[in-house]
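Undergrad: Heads up: the sequence shown is residues 809 to 1468, going by the numbering used here.
Note that the Cβ used here is the ideal one computed from N, Cα and C, for glycine as well.
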Amino acid sequence: MLSERDYLEPQVPVVLTVSRLPQRLDEVPGAVTVIDRETLRASGARDVADLLRLVPGFSVSNSFEEGASAGSYHGLRSTFPNQMQLLVDGRSVYSLHLGGSVGPGLQTVALDDIERIEIFRGPNSATYGARAFKGSINIITRDLVDTQGVMVRLTRGVGGDGAGINDWGVRFGGVADSDPASIVGDQVSGLGFTGWRLSADRRLDDGLQGAGGPVEVRRVNARADAYVSQQDQLSFRAGQSWIESWIGEHYDFPGLHTRGMTTSYAQVDWNRNLDVNADLWIQFSHTDEQVLERERGTMPYPPQGSDGQGVLYDRSGRTSSTNLLAQQTRRLSPALRGVWGAELRRETSDSYALYATYQPYVEDFARLFGNVEWHFADDWLLNAGALIEHSSLVEENELAPRLMLNWNVGKTGSATHTLRAGVSRAFRPASMFEREADVRYHDPRTGQEVGYEYDAALGDPSRPERVDSAELGWLADAGTAFSFDLRVFQERVRGVIVDRRASKIGGQLARRGRVFTYVNGEDFDLQGAEAQLIWQPWRGAQLRYAHAQFTSDQVIGRSEQPVYRSHSLLFTQRLSRGWSFSLWDYYMDERIYPNNIEVAPPHSRVDMRVARTFNWGSGKDVRRQAELALTLQNIDGADADDVPEIRYQRRVFLTLELGY
809 MLSERDYLEP
819 QVPVVLTVSR
829 LPQRLDEVPG
839 AVTVIDRETL
849 RASGARDVAD
859 LLRLVPGFSV
869 SNSFEEGASA
879 GSYHGLRSTF
889 PNQMQLLVDG
899 RSVYSLHLGG
909 SVGPGLQTVA
919 LDDIERIEIF
929 RGPNSATYGA
939 RAFKGSINII
949 TRDLVDTQGV
959 MVRLTRGVGG
969 DGAGINDWGV
979 RFGGVADSDP
989 ASIVGDQVSG
999 LGFTGWRLSA
1009 DRRLDDGLQG
1019 AGGPVEVRRV
1029 NARADAYVSQ
1039 QDQLSFRAGQ
1049 SWIESWIGEH
1059 YDFPGLHTRG
1069 MTTSYAQVDW
1079 NRNLDVNADL
1089 WIQFSHTDEQ
1099 VLERERGTMP
1109 YPPQGSDGQG
1119 VLYDRSGRTS
1129 STNLLAQQTR
1139 RLSPALRGVW
1149 GAELRRETSD
1159 SYALYATYQP
1169 YVEDFARLFG
1179 NVEWHFADDW
1189 LLNAGALIEH
1199 SSLVEENELA
1209 PRLMLNWNVG
1219 KTGSATHTLR
1229 AGVSRAFRPA
1239 SMFEREADVR
1249 YHDPRTGQEV
1259 GYEYDAALGD
1269 PSRPERVDSA
1279 ELGWLADAGT
1289 AFSFDLRVFQ
1299 ERVRGVIVDR
1309 RASKIGGQLA
1319 RRGRVFTYVN
1329 GEDFDLQGAE
1339 AQLIWQPWRG
1349 AQLRYAHAQF
1359 TSDQVIGRSE
1369 QPVYRSHSLL
1379 FTQRLSRGWS
1389 FSLWDYYMDE
1399 RIYPNNIEVA
1409 PPHSRVDMRV
1419 ARTFNWGSGK
1429 DVRRQAELAL
1439 TLQNIDGADA
1449 DDVPEIRYQR
1459 RVFLTLELGY
């Protein structure tokens, strides 16, 4: 393979996935936040969505009562946070159900199995296509060598209003005794099976405000690697996750009130070392998603002859995606590297409840992409990339270009200073639900249609959403000791797809005779700045600070979006005898509630974690390690971060992890 070891020099941060080229942090075409494993553990977070509060410009919902936790960038979050691409080990885990969402995908893998998370802050369609409209999140799991042996984790806790926490996790892993994948020079010294991992875990919250029963996430994930020749490595991954929420929630009728999602996937990666300057990567994956969401209630405006009692509200459906990716990376000269490739993808949505048809909707995508990194002069670097995408349901092909210039200005002390300037374009066409939604209600006794909630035929989101972004950046980097990144941006957002109320006989919205549909809404601009600081002020300590502030002339309902401000501060300290301490403060200023016209008040959250790591069992086997951690979340008081009626409660929990 193309040697990433050239980029893994001590003290030089490396980003692996932003442009599909492994690049040093001062070479990437934009602003990146990297959450490493040490930060992940110190945070006390229980899922990936929680960790996104460390990223400048992100707003996060922890309201599992409304489904899976979710996050969005630059506040453009409606009911469906669908403007970010989310990948795990290169496979898209973006949910296709309803309008699309990153929420369920953030629950794909347990934190125990994650090595790092790379978040690109800014349009990234030039690399990953339509879903990366506002940016991309890449979750990279741990190497098999680092997860050998057995790990067991237990978490128990309580929260406000009698809420309870009951989590567990277990992992088994191994590598070949002879290490057949060891590398001598540029050659693999042996062939065959190299390692495997099997993990399972559960997250369970009970007594949450607004939920009538337990809210649960369960996961099983497996991986195995093998070298089949001196140039070829295969990786196999498979898994399944279950998300259940709203269990026991009731409105007018007891009994059937279930919301659950089951996701299964399989993935094969083939990496081939072509020569000392080039490699080839081919990936095939398939994902199935099944959603069961049903409840009975009373229609607000029943038609004549019906009392509207016991009507079934159904959001159930099945989706699937099949993806084939081929990518080549090559060093063309000492100053020039490139990556290019193609991707074919088929997405299927099948739901009578959402589309009023038993015929599944199918959409095929074809993408061509490329990016070059050119050191055209001393201290100067040009990143130029583009992606063209064709959809079987969209008449015109979409092009997403990007151009970024990086100038290594020089050094002050141990810090290297880099200035960035660039432009990019991204796009997002309407989702299947935004184009074809047809949600109807039926009388439980006669089966006749008695009302409507969505009718996409009354709208016409004919234009893809588009954003043109220009940015300036400054990176001061001294490796692990100090890093400061500033991004100043201007974004012109055009044709953003929004829901509107339209007239239709039998409509059941707040005003009788109205239903939801989708249209291209108003155009608006965003402008602002983001900054992140990572600093080790003394031995064993680290401070991570993130700040974002921007303004927008977007109008939501009858309200203008206020100035958006947020900050996050995480301080960690490693102490003697295996002790460690962390304190995390997060604050968000006024903003508009998602899919609402109300201005949400500022909210804050303060978390604290104290932990001790120690050896257990007989002897001094370093693999027999354990950690006991006490975490307090939201100790400054409950706040609503998503739905006004649901407040995130105070919580305290104890975690014991044993490894061998």
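Got a sec: is the Cβ-Cβ distance from D975 to anything in chain B below 8 Å?
TA: The displayed structure is made up of one protein chain only, and chain B is not part of it.
Undergrad: Compute the Euclidean distance between the alpha carbons of R849 and E1465, then round it to the nearest angstrom.
TA: Rounded to whole angstroms, R849 to E1465 spans 12 Å at the Cα level.
Undergrad: Mind checking who E1279 pairs with in its DSSP beta bridge?
TA: Looking at the DSSP assignment, E1279 forms a beta bridge with G1230, F1297.
Undergrad: Quick one: what's got a C-beta closer than 6 Å to W1343's C-beta in the same chain, skipping five residues either side?
TA: Once the five neighbours on either side are set aside, the close Cβ partners of W1343 are F1290, L1351.
Undergrad: Whole angstroms is fine: what's the gap from Q1433's alpha carbon to M959's?
TA: When rounded, the distance between both Cα atoms is 9 Å.
Undergrad: Do you know how far the Cα of V868 is from the Cα of F1461?
TA: Distance between the alpha carbons of F1461 and V868: 21 Å.
Undergrad: So, are the CB atoms of M892 and V910 less than 8 Å apart?
TA: Cβ atoms of M892 and V910: closer than 8 Å.
Undergrad: Starting from T1463, follow its DSSP beta bridges and name the residues at the other end.
TA: T963, A1437, per the DSSP bridge assignment.
Undergrad: Can you find the residues in the same chain that come closer than 6 Å, C-beta to C-beta, to A1074, ignoring five residues on each side of it along the sequence?
TA: Excluding residues within five positions, the ones whose Cβ falls inside 6 Å are A1046, H1094.
Undergrad: Suppose you measure from the CA of V1414 to the CA of D1333; what does that come to, to the nearest Å?
TA: Spanning the two alpha carbons is a distance of roughly 32 Å.
Undergrad: Can you name the start and end residues of the alpha helix (DSSP H) that Y851 belongs to?
TA: Note on identity: in this sequence residue 851 is Ser, with Tyr being the wrong assignment. Note, S851: alpha helix (DSSP H), 845-851.
Undergrad: Decide if A857 is buried, meaning its Cβ has at least 16 other Cβ atoms within 10 Å, or exposed.
TA: With 16 or more Cβ atoms within 10 Å of its Cβ, A857 is classed as buried.
Undergrad: Going straight from the alpha carbon of V983 to that of V826, what length do you get?
TA: Computed Cα separation, rounded: 29 Å.
Undergrad: Figure out for me which residue from D1393, L1294, P1269, L833 has the closest Cα to the Cα of E1279.
TA: Considering only alpha carbons, the answer is L1294.
Undergrad: Apart from the five residues on each side of it in sequence, which residues of its chain come closer than 7 Å, Cβ to Cβ, to T1137?
TA: The answer, listed in chain order, is L810, L829, A1086, D1087, V1147.
Undergrad: Is the separation between the beta-carbon of D1172 and that of S1128 shorter than 8 Å?
TA: It is not a contact, given that the beta carbons lie outside the stated cut-off.
Undergrad: Measuring alpha carbon to alpha carbon, tell me which of A918, S1277, E1203, R1420 ends up nearest P1237.
TA: Ranking the options by Cα distance to P1237, first place goes to E1203.
Undergrad: Use the C-beta contact count for D1071: other C-beta atoms within 10 angstroms, 16 or more gives buried, fewer gives exposed.
TA: Looking at the sequence itself, residue 1071 is Thr, so the reference to Asp does not match. Buried is the call here.
Undergrad: Can you tell me where the alpha helix (DSSP H) with E1244 in it begins and where it stops?
TA: 1240-1244 is the span of the alpha helix (DSSP H), which, as asked, contains E1244.
Undergrad: For the region 1292-1312 against the region 1246-1254, do three or more pairs of beta-carbon atoms, one drawn from each stretch, fall closer than 8 Å, so that the two count as touching?
TA: They do not touch, by the three-pair rule.
Undergrad: Can you confirm whether the region 1139-1154 touches the region 1179-1195 when touching is taken to mean that 3 or more C-beta pairs between the two stretches lie within less than 8 Å?
TA: Output reads yes: the region 1139-1154 touches the region 1179-1195.
Undergrad: Answer yes or no: do R1271 and G1303 have a C-beta to C-beta separation smaller than 8 Å?
TA: A contact, by the Cβ cut-off of 8 Å.
Undergrad: Determine, using beta carbons only, whether S1007 and D951 come nearer to each other than 8 Å.
TA: Cβ atoms of S1007 and D951: not closer than 8 Å.
Undergrad: Looking only at its chain, what residues have a beta carbon closer than 6 Å to the beta carbon of G1259, apart from the 5 residues adjacent to it on each side?
TA: Correct list, in chain order: M1107, Y1249, G1314, Q1316.
Undergrad: For R1027 and M1416, what's the separation of their Cα atoms in angstroms?
TA: Each residue's Cα considered, the two are about 27 Å apart.
Undergrad: Have a look at P1468 and F980 and give me their C-alpha separation to the nearest angstrom.
TA: The amino acid at residue 1468 is misidentified as Pro; the sequence shows Tyr. One C-alpha to the other measures close to 10 Å.
Undergrad: Just the Cα atoms here: how many angstroms apart are T1349 and A839?
TA: With the sequence shown as reference, residue 1349 is identified as Ala, and Thr is not the correct amino acid for it. Approximately 24 Å between the Cα atoms of the pair.
Undergrad: What residue range does the beta strand (DSSP E) around L1133 cover?
TA: It spans 1125-1141 - the beta strand (DSSP E) in which L1133 sits, taken as one unbroken run.
Undergrad: Tell whether a beta-carbon distance below 8 Å holds between G1125 and H905.
TA: Cβ distance < 8 Å, so G1125 and H905 count as in contact.
Undergrad: Per DSSP, P1209 forms a beta bridge with which residues?
TA: DSSP, once it has assigned bridges, lists A1194 as partnering P1209.
Undergrad: Using the beta-carbon count (16 or more within 10 Å), is R1366 buried or exposed?
TA: Any reading at R1366 needs caution, since the residue's pLDDT is 48, under 50, leaving its predicted position unreliable; the model's value is listed next. Exposed.
Undergrad: Do V966 and G1003 have their CB atoms nearer than 8 Å?
TA: No.
Undergrad: With C-beta atoms as the reference, is F1177 less than 8 Å away from L1195?
TA: It is a contact, given that the beta carbons lie within the stated cut-off.
Undergrad: Which residue from R1243, S1043, Q1039 puts its Cα closest to that of D1033?
TA: The residue with the shortest Cα to Cα distance from D1033 is S1043.
Undergrad: Would a C-beta distance cut-off of 8 Å place S851 and L1391 closer than the cut-off?
TA: Against a cut-off of 8 Å, the Cβ pair of L1391 and S851 comes out as no contact.
Undergrad: Measuring CB to CB, does T1226 end up less than 8 Å from N1214?
TA: Yes.
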